[in-house]
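J.:
In the numbering used here, the protein residues as written are 56 to 393.
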């Protein structure tokens, strides 16, 4: 175990974790809502440090990040645990493992130095902290990120955005990009479907990460009867627009998973409509996800409409951006190419 980076000591050997917006107050011997952070004798520890449950070499488009190092490979790692308990989680077997296995912590001993070495040997340009929630394995991610930066690699958080400002301050200069899962635009969804969370901390994180110079993209998984109201799409698009209309918004089709296994897949028309709403609200880059072959996978010039990046799934078929500009009209395209 490793001592946590962000916590306060309280009276009677209690502690308060300041890593995510739940800010758990834990008596001696208690474990946080994430299932992987424990108070032992007035010291808060991460129980998943260097304990990797999943690793893979992914196209960065799978994260999804469409405007950050396109067509590159990202070395992806995760530990067990999550501070959310989403009923529709597609990685519930690892994110909810401690909660569903009497607090058990499993994973391969995989120290930060080896992660970076393997990423370099695999020809990856970045390391992605993903699959579960990277905030809950923050110490492991940050220590790895420091080494990665020294070796010339970028670092990426794929996150639910429920971290504190203190956590984002520690990410500053280390985490280069993030895809934030903006699950809905109402507290009821976060409370009832995500395990007692709230919307505002997620919105605050998107804005604060952007202000810190972290490249931000946003994903919304649209679930039938849960968050598929077009009015909600307008609220999300308006909020993103007010932060920065160049933030890419990924609208993903839901497929049955975990405790939502009896919910139908999202109708294609709903996803297409959400995309059109985003574009009509002034967002420059709005994408459809989990719909291979749809035109919403492509990147178009927001000024002249020229096709700039053609995609099929996670594969790039053509790429015509030159020096960060549209080859037809010369408009600047919001993208990080290297």
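Even glycine gets a Cβ: it sits at the ideal position worked out from N, Cα and C.
Let me check understanding here. Comparing Cα to Cα, which of 350, 294, 181 lies closest to residue 392?
T.: Nearest option by C-alpha distance: 181.
J.: How about residue 70 and residue 78: are their beta carbons less than 8 Å apart?
T.: No.
J.: Contact defined as beta carbons within less than 8 Å: I believe residue 389 pairs with residue 122. What is the distance between those atoms, to the nearest angstrom?
T.: Yes, residue 389 and residue 122 are in contact; Cβ-Cβ is about 6 Å, under 8 Å.
J.: Let me check one thing: in DSSP terms, what residues is residue 355 bridge-paired to?
T.: Its beta-bridge partners are 362.
J.: Just reading off the beta strand (DSSP E) that residue 167 is part of, what are its end residues?
T.: It is not in any beta strand (DSSP E) - residue 167 instead sits in the alpha helix (DSSP H) that spans 167-176.
J.: Look at residue 81 and residue 90 and say whether their C-beta atoms are less than 8 Å apart.
T.: Not a contact, by the Cβ cut-off of 8 Å.
J.: Cutting at 6 Å between CB atoms, please list the residues of its own chain near residue 94, excluding the five before and the five after it.
T.: Excluding residues within five positions, the ones whose Cβ falls inside 6 Å are 70, 81, 83, 85.
J.: State the start and end residues of the unbroken beta strand (DSSP E) segment that holds residue 392.
T.: Note, residue 392: premise wrong, no beta strand (DSSP E); not H, not E.
J.: Could you pull the start and end residues of the alpha helix (DSSP H) that residue 92 belongs to?
T.: Taken as a continuous stretch (DSSP letters only), residue 92 belongs to no alpha helix (DSSP H), being part of the beta strand (DSSP E) at 92-95.
J.: Buried or exposed: residue 200, going by 16 or more other Cβ atoms within 10 Å of its Cβ?
T.: So residue 200 ends up on the buried side.
J.: What is the rounded straight-line gap between the Cα of residue 337 and the Cα of residue 300?
T.: Near 7 Å, if we compare the C-alpha coordinates of residue 300 and residue 337.
J.: Helix or strand or just coil, what does DSSP make of residue 275?
T.: Three-state DSSP puts residue 275 in a strand.
J.: Based on the DSSP output, what are the partners of residue 111 in its beta bridges?
T.: The partner list for residue 111 (beta bridge, DSSP) reads 131.
J.: By the three-class DSSP mapping on this structure, what secondary structure does residue 230 have?
T.: If DSSP states are grouped into helix, strand and coil, residue 230 belongs with coil.
J.: Leaving aside the five residues before and after residue 341 along the sequence, list all residues of the same chain whose C-beta is less than 6 Å from its C-beta, in chain order.
T.: Same-chain partners within the cutoff: 304, 330, 333, 334.
J.: Give a yes or no on whether the C-beta atoms belonging to residue 316 and residue 276 are separated by under 8 Å.
T.: No, these two residues do not count as a Cβ contact at 8 Å.
J.: What did DSSP end up calling residue 434 once you bin it into helix, strand or coil?
T.: In this structure the chain extends from 56 to 393, so residue 434 is not present and cannot be described.
J.: Would you mind giving the Cβ-Cβ distance between residue 160 and residue 185, rounded to the nearest angstrom? I have them listed as a contact below 8 Å.
T.: That pair is no contact at about 19 Å.
J.: Excluding five sequence neighbours on each side, which residues of the same chain lie with their C-beta closer than 6 Å to the C-beta of residue 283?
T.: Correct list, in chain order: 277, 325.
J.: To the nearest whole angstrom, what separates the beta carbons of residue 187 and residue 150, a pair I think is in contact under 8 Å?
T.: Rounded, the Cβ-Cβ distance is 4 Å, consistent with contact.
J.: For residue 235 and residue 211, I'd like the C-alpha separation in whole angstroms.
T.: Distance between the alpha carbons of residue 235 and residue 211 is about 11 Å.
J.: Which stretch, first to last residue, makes up the alpha helix (DSSP H) that contains residue 333?
T.: Here the alpha helix (DSSP H) through residue 333 covers 323-335.
J.: Since I believe residue 99 is in contact with residue 66 (beta carbons under 8 Å), could you give me their beta-carbon distance rounded to a whole number of angstroms?
T.: Residue 66 to residue 99, Cβ: 15 Å. No contact.
J.: From 216, 223, 271, 233, pick the residue whose C-alpha is nearest to that of residue 249; which is it?
T.: Per the Cα distances, 216.
J.: From which residue to which residue does the alpha helix (DSSP H) around residue 154 run?
T.: First-last of the alpha helix (DSSP H) with residue 154: 152-155.
J.: Rounded to whole angstroms, what is the Cα-Cα separation between residue 228 and residue 197?
T.: So the two alpha carbons sit approximately 11 Å from each other.
J.: For residue 207, which option in 366, 219, 230 has the closest C-alpha, if you only look at C-alpha atoms?
T.: Ranking the options by Cα distance to residue 207, first place goes to 230.
J.: May I ask you to report which of helix, strand or coil DSSP gives residue 183?
T.: Note: residue 183 maps to strand in three-state DSSP.
J.: Do the CB positions of residue 110 and residue 76 come within less than 8 Å of each other?
T.: Cβ atoms of residue 110 and residue 76: not closer than 8 Å.
J.: DSSP state of residue 212, grouped into three classes?
T.: It is a strand residue.
J.: Grab the span of the beta strand (DSSP E) containing residue 145 for me, first residue to last.
T.: Residue 145 -> no beta strand (DSSP E), and no H or E assigned at all.
J.: Using the rule of at least 16 other Cβ atoms within 10 Å of the residue's Cβ for burial, across every protein chain shown, is residue 255 buried or exposed?
T.: Under this definition residue 255 is an exposed residue.
J.: Along the chain, where does the beta strand (DSSP E) containing residue 370 start, and where does it finish?
T.: Start and end: 370-374.
J.: Can you tell which of 281, 270, 240 has its C-alpha closest to the C-alpha of residue 223?
T.: The option with the nearest alpha carbon to residue 223 is 270.
J.: Could you tell me the alpha carbon to alpha carbon distance between residue 133 and residue 108, rounded to whole angstroms?
T.: Looking at the two C-alpha atoms, the distance is approximately 6 Å.
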